[in-house]
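S.K.: Mind having a look at this structure? Questions to follow.
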Amino acid sequence: MSRLLVEGGTLLGLSDRADIRSDTDLYAENGTIRGIGSEGKRLASIPGEPVEKIPARGKWVLPGFVQAHLHLCQTLLRNGPEGLDLLSWLGRHVWPGEAAHDPETLAVSARLGLSECLAAGVTAVLDMGTVRHSDSLFRAAARSGIRYTGGNVLMDDPETTPPNLRATADEGMAETERLRATWHGKDRGRLRVAVQPRFAVTSTEPLLRAAADYSARHDLILHTHASESRGEIDLVRGRTGLANIEWLDRLGLLTRRTCVAHVIHADSSDWAALARSESSVVHCPSSNMRLSSGVCPVSELKRAGVRVALGSDGAACNDRLDPFTEMRLATFLPRTRVPPSSLSAFAALRMATVEGSAALGLGPEPRLAAGALCDLVLLDPEAGWALPDAWSDEPYGAIVYAMGRENVFATIVDGVVRYRAGDTTVGGLKPTAAEVRGAVARMKAGMN
Ligand SMILES: [Zn+2]
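Letter by letter, the sequence shown follows residues 515 to 962 in the numbering used here.
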């Protein structure tokens, strides 16, 4: 049995802006919060298994960050070419790179990405993998201890998918089924399989229908991209006569289990379909700006009743896997078009935490209360460059505007400390520079 006492922190529950308790203990057993304040202290003092203690006076304790759209297979494609739009960037850099992975290079890519996530306070990810070698992703996720939802990506359209990344609909779904049988629900439920048609462009209609059906039958997250670039939308409209979101809706892909990355070029009827179906949109502002894709109208989507979470997308189009960067941009970008009150720091912080958790279907809304999952990030306001903190009664602006990864004091997943400030190897998970360079050299050799 694991026992953990976070001592004397300032608890930011995020249920509402006033949900702040200073100098308060938090006690967890086996990954579940059991007691807060004096009750937590009392439970921790009961004799039994040793209690791991984290002195947290002066630290801010909040639900962990959720990376709701990520491609761990692309971490080794970081620092790639500039000056390309989405479809040329996919064709010239990402797809050849993904096709060049072997099980070992994919493992290095996943470990590099997951160690970066943990060091940034991320406790859960939704990861669009690649077509093959997906066991490497699950093994790396199991080793990291992070809450992982992901698996293989589905790409079957012979007209748009490169041959070395193509699997037929039957082959792709059979691989998802194999992964589900092998990994889904393992590690106390931390590992989960998602159904992942990459996007409508590379998916035939039978594949999209099969994906929707499989997700419904097994209650799995359905993870896809849509309406990221105008070129993509033109392709889908040319083939189907419908706008991207309309097409997905027509085939039954929009449900409460669905996470759609981007949704930049969509209209109010698309937003209504997303809201009605309780689908989630994942906003990835850095990626959208790097590829000149456009700006997701987050305020309008939220007003239409759509849940919006945050993601970094892959390192190939960001190149940081850093929720602080995305929160900051999520609040700043709408202000280039609409008044500064449109999206508050508190709203962005909720998108990066509780909304992400809801999008991934991780259970009841994260709370700092007995019975809730113990997935936490501890922030140190005195580290880095975030002081002073005296001009506001609330810490939310400091977190979203001023803090960065240097302020992460500890990351706790399922009641276990997975990262502490100063742990440069992230518990040995982070590959060495030589491992990273060796893996990339092997991928490049395979691409020539
Ligand atoms: Zn993506």
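Using N, Cα and C, we set each Cβ at its ideal position, and we do this for glycine too.
Helix, strand or coil, according to DSSP, for Met642 in the structure here?
M.R.: Stepping through the sequence shown from its first residue, residue 642 is reached at position 128. Of the three classes helix, strand and coil, the one that applies to Met642 here is strand, per DSSP.
S.K.: Quick one: does the C-beta of Met642 sit closer than 7 Å to a heavy atom of ligand 2?
M.R.: This structure lacks ligand 2; its bound ligands are ligand 1.
S.K.: Arg934 by DSSP, collapsed to three states: which one?
M.R.: Position 420 of the sequence shown holds residue 934. It is a strand residue.
S.K.: For a quick check, are the C-beta atoms of Gly918 and Ala859 less than 8 Å apart?
M.R.: Residue numbering aside, residue 918 sits at position 404 when the sequence shown is read from its first letter. Residue numbering aside, residue 859 sits at position 345 when the sequence shown is read from its first letter. Cβ atoms of Gly918 and Ala859: not closer than 8 Å.
S.K.: Considering only residues of the same chain and omitting the five flanking positions on each side of Gly960, which have a CB-CB separation below 7 Å?
M.R.: Here residue 960 refers to the residue found at position 446 of the sequence shown. Around Gly960: Ala614.
S.K.: Examine ligand 1 and report whether any of its heavy atoms sits within less than 7 Å of the Cβ of Asp827.
M.R.: Start at 1 with the first residue of the sequence shown, and residue 827 comes out as number 313. Asp827 Cβ: within cutoff of ligand 1.
S.K.: When the Cα atoms are used, what is the spatial distance from Glu543 to Ala823?
M.R.: Position 29 of the sequence shown, counted from the first residue, corresponds to residue 543. Position 309 of the sequence shown, counted from the first residue, corresponds to residue 823. Their Cα atoms are separated by approximately 28 Å.
S.K.: Shortest alpha-carbon distance to Thr690 belongs to which of Val715, Glu596, Leu734?
M.R.: Looking up residue 690 in the sequence shown gives position 176. Closest option to Thr690, Cα to Cα, is Leu734.
S.K.: Taking Cβ positions, are Arg771 and His739 nearer each other than 8 Å?
M.R.: For the purposes of this step, residue 771 is identified with residue 257 of the sequence shown, where counting begins at 1. For the purposes of this step, residue 739 is identified with residue 225 of the sequence shown, where counting begins at 1. No. Outside cutoff.
S.K.: Would you report the Cα separation of Ser650 and Ala883, rounded to the nearest angstrom?
M.R.: Residue numbering aside, residue 650 sits at position 136 when the sequence shown is read from its first letter. Residue numbering aside, residue 883 sits at position 369 when the sequence shown is read from its first letter. One C-alpha to the other measures close to 35 Å.
S.K.: Less than 8 Å between the beta carbons of Leu584 and Leu835, yes or no?
M.R.: Here the question's residue 584 lines up with position 70 in the sequence shown. Here the question's residue 835 lines up with position 321 in the sequence shown. Going by C-beta atoms, Leu584 is nearer than 8 Å to Leu835.
S.K.: Is Ile550 buried or exposed, if buried means 16 or more other CB atoms sit within 10 Å of its CB?
M.R.: Taking the first residue of the sequence shown as 1, we reach residue 550 at position 36. Ile550 comes out buried.
S.K.: Over what stretch of residues does the alpha helix (DSSP H) that includes Asp537 continue unbroken?
M.R.: To locate residue 537, count along the sequence shown from 1; it is residue 23. Counting along the chain, Asp537 falls outside any alpha helix (DSSP H), though it belongs to the beta strand (DSSP E) covering 534-543.
S.K.: Using the Cβ count rule (16 or more neighbours within 10 Å means buried), how would you classify Ile560?
M.R.: Position 46 of the sequence shown, counted from the first residue, corresponds to residue 560. Per the 10 Å Cβ criterion, exposed.
S.K.: Report the rounded CA-to-CA distance for Phe923 versus Thr938, giving the unit in angstroms.
M.R.: As a position in the sequence shown, residue 923 is number 409, starting the count at 1. As a position in the sequence shown, residue 938 is number 424, starting the count at 1. Cα-Cα distance, rounded: 13 Å.
S.K.: Could you spell out where the alpha helix (DSSP H) holding Phe713 opens and where it closes?
M.R.: For this step, residue 713 is matched to residue 199 along the sequence shown. Here Phe713 belongs to no alpha helix (DSSP H), and DSSP marks it neither H nor E.
S.K.: Should Gly605 be labelled buried (16 or more other beta-carbon atoms within 10 Å of its own) or exposed?
M.R.: On the sequence shown, residue 605 is found 91 positions in, with the first residue counted as 1. Label assigned to Gly605: exposed.
S.K.: Check each candidate in Gly898, Leu557, Ala656, Glu879 and name the one with the smallest Cα separation from Thr935.
M.R.: Residue mapping note: residue 935 aligns to position 421 of the sequence shown, counting from 1. Looking at the sequence itself, residue 935 is Ala, so the reference to Thr does not match. Closest option to Ala935, Cα to Cα, is Gly898.
S.K.: Alpha carbon to alpha carbon, how far is Cys831 from Glu685? Give it in angstroms, no decimals.
M.R.: On the sequence shown, position 171 is the one that residue 685 refers to. On the sequence shown, position 317 is the one that residue 831 refers to. Taking the straight line joining both Cα atoms gives about 28 Å.
S.K.: Name the residue from Gly627, Pro880, Ala655 whose alpha carbon lies nearest to the alpha carbon of Pro577.
M.R.: Walking along the sequence shown from the start, residue 577 turns up at place 63. The residue with the shortest Cα to Cα distance from Pro577 is Pro880.
S.K.: What residue range is occupied by the uninterrupted beta strand (DSSP E) comprising Ile547?
M.R.: Here residue 547 refers to the residue found at position 33 of the sequence shown. Looking at the DSSP string, the run of the beta strand (DSSP E) that includes Ile547 is 546-550.
S.K.: Taking 7 Å as the cut-off, is the C-beta of Ala638 nearer than that to any heavy atom in ligand 1?
M.R.: In the sequence shown, counting from the first residue as 1, residue 638 sits at position 124. For ligand 1, not one heavy atom lies less than 7 Å from the Cβ of Ala638.
S.K.: So within the region 851-935, which uninterrupted beta strand (DSSP E) runs reach at least 3 residues, ignoring any that extend past its ends?
M.R.: Correct list: 890-893, 922-927, 930-934.
S.K.: For Gly594, which residues from the same chain have a beta carbon less than 6 Å from its beta carbon, with the 5 sequence-adjacent residues on both sides left out?
M.R.: In the sequence shown, residue 594 corresponds to position 80, counting from 1. Contacts found: His607, Ala830.
S.K.: Can you tell me the Cα-Cα spacing of Ser806 and Arg731, whole angstroms?
M.R.: For the purposes of this step, residue 806 is taken as residue 292 along the sequence shown, with counting starting at 1. For the purposes of this step, residue 731 is taken as residue 217 along the sequence shown, with counting starting at 1. Each residue's alpha carbon lies about 37 Å from the other.
S.K.: Report yes if the C-beta of His779 is less than 7 Å from at least one heavy atom of ligand 1; otherwise report no.
M.R.: Sequence index remark: in the sequence shown, residue 779 carries index 265 (1-based). His779 Cβ: outside cutoff for every heavy atom of ligand 1.
S.K.: Measuring alpha carbon to alpha carbon, tell me which residue in Val715, Ala789, Arg864 is nearest Thr754.
M.R.: Here residue 754 is taken as the residue at index 240 of the sequence shown, counted from 1. The candidate whose alpha carbon is nearest that of Thr754 is Val715.
S.K.: With a threshold of 16 other CB atoms inside 10 Å of the CB of Asp748, please say whether the residue is buried or exposed.
M.R.: Counting from one through the sequence shown, the residue named residue 748 turns up at place 234. Classification of Asp748: exposed, given that the 10 Å Cβ count is below 16.
S.K.: Is the closest heavy atom of ligand 1 to the C-beta of His585 under 7 Å?
M.R.: As a working mapping, residue 585 is identified with position 71 in the sequence shown. It does: the Cβ of His585 is within 7 Å (strictly closer) of some heavy atom of ligand 1.
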